[in-house]
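Residue numbers (this note's numbering), protein chains in the order written: chain A, 3 to 391; chain B, 52 to 210. We put the beta carbon where it would ideally sit given N, CA and C, even for glycine. Since the structure is predicted, the reported quantities are computational estimates derived from the model, not experimental observations. The block underneath contains the structure these notes are about, expressed in structure tokens.
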Amino acid sequence: MSLLNKLNIILPIYLMIVLVDSLLMPPVDFISISNFIFPFALILVTVIYRKERTFWIIAGIVALNVLARLLINYWHGGINTQEVIWSVRWVKLFTVAWSTYYVFQNHRALISKSLIVAFSALALINIFQLMEIDFFLDLYDTGDGSVALIRNNLLDSRVFGSFLNPNNNGFVMALFGLYFLISDQKYKYHWMAVAFVLLIMTQSRTALVAFVAAVFLWSVFAVFRNNRRQLLIFLGIGLVLGIMLIQFKFMNLSSLFDGTAFNSNSVDTRLEMIANTIEVNSESVWTGQGKVNDIPSLIGGSIDNEYAFVYLEYGLIGILIYLIMLLVLIIGSLKSQKGSGALLILIIAGVMGFTNLSFGNLETAPILMILFTAGLFYPLNRSVEKTIE
Amino acid sequence: MSESKKREIKVMRYGIILAVLLSASYFLFFEEPIVESRLTYTLSADEYARYSDLPNEVIQLENGEAYLSPNYESISDTLQAKGVRRFELKKFLKGRGENDVINEIYFKDQSKLEVPELIKELDFGKSKPVGKTVGIALLIIILSLLFDRFLNGSVQWIK
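What follows is the structure in structure tokens.
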């Protein structure tokens with residue numbers, strides 16, 4: 003065995019640590035051991051995939067993205083360490099994606115089972131929070147009143163898992179639900195149902211809309227073409243969802259159906275913040291503001307929109323590079339397996355971006371990249387159910 | 052069908068049956084219904100400022116528990132010109148409790164305010180929370196899924 007082959011074990015280890023960081027650690031800060039291994043993982047994936055054209059195309063876009071951000075920051079008064087780290091996070095996501103690609107190619111059973119174990123642990127955290135077990139509420143308490151709301155509210159409150167807020171939790175549940183749907187995991191529908199029920203318990207409206215949109219697209223590819231049994235399963239799930247919303251008073255989700263969600267304080271505030279962002283950037287349309295450390299003081303509130311966020315910090319140049327990156331990911335997901343499930347993962351991220359951060363979210367972006375890359379290995383129109391056992 | 056396949060099916064089958072039975076039993080026999088209503092209060096514009104930042108509060112009653120959450124958004128401000136303001140309290144009641152007693156504790160004892168005039172109570176019906184029920188069901192299903200993997204010997208981690 004060559005030295006390179008021996009060193010490659012770093013990549014699965016790196017990926018396991020990223021999974022633990024992203025899914026299981028309390029959201030106290032973003033310093034983690036994976037950041038120390040990241041440079042070694044980057045060197046390894048570069049050595050392994052140095053002859054792959056796709057690797058260099060994506061590396062070029064990531065480099066362009068980082069370079070543009072650094073130059074824009076320089077343009078707006080110099081670069082500090084924080085801005086460098088903020089820009090370099092794209093390189094980390096690139097490394098996570100290619101590490102996942104390597105591990106999927108060479109240790110598929112390992113990554114499949116690791117994703118199951120990591121999801122199970124996250125699901126258990128959510129379950130114990132639903133059951134109001136103090137240890138799991140206090141361990142992941144973000145100090146913003148979510149725990150008090152769960153403890154005090156006599157009806158159901160929004161469960162937040164190991165994340166800063168229920169929307170991030172719902173986003174990750176939607177990603178895992180879709181991953182199980184397209185994967186060849188044993189009992190994949192059971193796993194998907196667990197993710198889906200937990201998504202409902204987060205009461206994240208955008209995550210639900212994103213998930214339903216992605217499943218609908220999947221059904222166009224897979225169900226109507228190949229399998230009526232799957233269609234019946236999804237009709238059943240839809241029925242259960244309807245009964246839950248009506249019977250158990252999930253106020254946040256029900257508002258999607260009675261229209262109040264589209265005429266609410268939440269939507270109005272988000273639209274106002276987008277308008278404020280456009281106004282703030284009126285004199286720097288192309289380059290934005292550079293890295294902004296205190297967004298509320300600049301636009302009057304939290305931004306909660308991926309596209310407005312990119313535009314605020316890096317203007318139209320940032321948006322253009324962001325769209326190129328998305329286009330490359332879409333082309334990649336369509337080319338792989340003659341249409342891979344990764345496209346559905348992108349749809350979830352795209353929809354979530356309208357009311358939250360997706361790629362720009364430090365909490366959820368690594369797991370988004372891992373599941374996107376995993377999705378590249380599964381065809382969208384799988385006709386025969388297979389399991390990996 | 053092989054022996055191992057038969058065992059695989061049984062783990063999940065018993066898991067799901069157990070999950071349904073336990074969670075349904077908990078929901079039907081142990082989870083208490085919550086009565087939800089909205090109380091609308093009226094007061095003068097002068098007094099309103101003191102009532103505009105009331106907290107979410109859990110109140111322990113003799114035969115129950117109430118969770119009160121003020122809601123200012125949905126009440127129209129059109130009466131403001133006439134010197135009248137209104138606000139709502141969302142009331143979630145477990146067990147039994149009279150409005151007079153709840154008002155006394157919420158306003159007088161906890162916020163040191165006079166009880167404003169209650170002009171309307173809208174009943175939003177009864178429902179039960181599902182968090183613990185869902186938690187029980189999912190816990191059993193997750194454990195069944197994990198046990199199934201281990202019982203069927205599929206613990207080969209590195210290809």
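Using the Cα positions of residue i and residue j, report the straight-line distance between them to the nearest angstrom.
i: B:LEU202; j: B:GLU172; result: 56 angstroms
i: A:ASN170; j: A:ARG207; result: 11 angstroms
i: A:LEU201; j: B:ALA117; result: 28 angstroms
i: B:PHE213; j: A:GLY172; result: Past the boundaries of the shown model lies residue 213 of chain B; chain B is included only from 52 to 210, so the question cannot be answered.
i: A:ILE87; j: A:VAL93; result: 10 angstroms
i: B:PHE81; j: B:SER178; result: 13 angstroms
i: A:GLN131; j: A:TRP193; result: 19 angstroms
i: A:VAL68; j: A:GLY362; result: 13 angstroms
i: A:VAL174; j: A:THR366; result: 7 angstroms
i: A:LEU157; j: A:PRO381; result: 41 angstroms
i: B:LYS142; j: B:ILE153; result: 10 angstroms
i: A:ASP140; j: A:LEU359; result: 25 angstroms
i: A:LYS293; j: A:GLU85; result: 6 angstroms
i: A:LEU378; j: A:ASN283; result: 37 angstroms
i: A:ARG91; j: A:ALA99; result: 12 angstroms
i: A:THR375; j: A:ASP23; result: 18 angstroms
i: B:THR91; j: B:LEU169; result: 6 angstroms
i: B:SER103; j: B:GLU83; result: 32 angstroms
Are the beta-carbon atoms of residue i and residue j separated by less than 7 angstroms?
i: A:THR279; j: A:LEU328; result: no
i: B:LEU94; j: B:ILE187; result: no
i: A:ILE12; j: B:LEU190; result: no
i: A:LEU331; j: A:LEU348; result: yes
i: A:PHE121; j: A:PHE40; result: no
i: A:TRP220; j: A:LEU117; result: no
i: B:GLY66; j: B:SER162; result: no
i: B:LEU144; j: B:VAL86; result: yes
i: A:ILE45; j: A:ILE19; result: no
i: A:LEU21; j: A:LEU124; result: no
i: B:ASP151; j: B:SER88; result: no
i: A:ILE276; j: A:ALA310; result: yes
i: A:LEU151; j: A:SER159; result: yes
i: A:ALA216; j: A:MET354; result: no
i: A:PRO29; j: A:LEU112; result: no
i: A:ARG71; j: A:TYR316; result: yes
i: A:ASP306; j: A:THR357; result: yes
Just to make sure I have the definition right: I need the residues of chain B whose C-beta is within less than 7 angstroms of the C-beta of residue i. Which are they?
i: A:ILE60; result: Per Cβ cutoff of 7 angstroms: no residues; A:ILE60 is ~26 angstroms from chain B at best.
i: A:LEU183; result: By Cβ distance, chain B contributes nothing, its closest Cβ being about 16 angstroms from A:LEU183, past 7 angstroms.
i: A:TRP288; result: None at all; the shortest Cβ gap to chain B is about 38 angstroms.
i: A:ILE63; result: Neighbours of A:ILE63 on chain B: none; closest Cβ ~31 angstroms, over 7 angstroms.
What does residue i reach in chain B if we use C-beta pairs closer than 8 angstroms?
i: A:ALA125; result: LEU189 and ILE193
i: A:TYR189; result: MET63, LEU196 and ASP199
i: A:SER122; result: ILE193, LEU196 and LEU197
Does residue i come out as helix, strand or coil in the three-state DSSP assignment?
i: A:THR366; result: coil
i: B:GLN111; result: strand
i: B:TYR118; result: strand
i: A:PHE162; result: coil
i: A:LYS188; result: coil
i: A:PRO29; result: coil
i: A:ARG71; result: helix
i: B:PRO106; result: coil
i: A:VAL214; result: helix
i: B:VAL86; result: strand
i: A:ILE390; result: The predicted position of A:ILE390 is uncertain, since its pLDDT is 39 and thus under 50; no value can be drawn from it.
i: A:GLU274; result: helix
i: A:GLU281; result: helix
i: B:TRP208; result: Bear in mind that the predicted position of B:TRP208 carries a pLDDT of just 48, short of 50, making it unreliable; the figure below should be weighed with that in mind. DSSP places B:TRP208 in coil when its eight states are reduced to three.
i: A:ILE401; result: Absent from the structure is residue 401 of chain A, since the part of chain A shown begins at 3 and ends at 391.
i: A:TYR181; result: helix
i: B:MET52; result: Residue placement at B:MET52 cannot be trusted, given a pLDDT of 46 that sits under 50; what the coordinates show is reported in the next sentence. Coil.
List, in chain order, every chain B residue whose beta-carbon is nearer than 9 angstroms to that of residue i.
i: A:LEU273; result: None at all; the shortest Cβ gap to chain B is about 16 angstroms.
i: A:ILE235; result: None at all; the shortest Cβ gap to chain B is about 14 angstroms.
i: A:ILE350; result: Per Cβ cutoff of 9 angstroms: no residues; A:ILE350 is ~21 angstroms from chain B at best.
Taking only beta-carbon positions, decide if residue i is within less than 7 angstroms of chain E.
i: A:LEU132; result: Although the question refers to chain E, the structure presented lacks it and instead comprises the protein chains A and B.
Does any heavy atom of the ligand FMN sit closer than 6 angstroms to the C-beta of residue i?
i: B:GLU108; result: Looking at this structure, you won't find the ligand FMN or any other ligand, since it has none at all.
According to a CB-to-CB cut-off of less than 7 angstroms, which residues of the segment 151–166 of chain A neighbour chain B? ASN154, ASN155, LEU156, LEU157 and ASP158
Can you list, in chain order, the residues of the segment 102–123 of chain B whose Cβ is nearer than 9 angstroms to any Cβ on chain A? ASN107, GLU108, VAL109, GLU116, ALA117, TYR118 and SER120
To be precise: take each residue of the segment 168–189 of chain B, compare its Cβ to all Cβ atoms of chain A, and keep it if any distance is under 7 angstroms. Which residues remain? SER178, PRO180, VAL181, GLY182, LYS183, VAL185, GLY186 and LEU189
Interfacial residues, the segment 68–102 of chain B to chain A, with Cβ spacing under 8 angstroms: ILE85 and GLU87
Counting only Cβ-Cβ distances shorter than 9 angstroms, please list the residues of the segment 140–163 of chain B near chain A, keeping chain order. PHE143, LEU144 and LYS145
Contact residues within the segment 197–215 of chain A, judged by C-beta distance below 9 angstroms to chain B: VAL199, LEU200, ILE202 and MET203
According to a CB-to-CB cut-off of less than 7 angstroms, which residues of the segment 76–107 of chain A neighbour chain B? none
Against chain B: residues of the segment 321–342 of chain A by CB proximity under 9 angstroms: none
What residues in the segment 282–313 of chain A bring their beta carbon closer than 8 angstroms to a beta carbon of chain B? none
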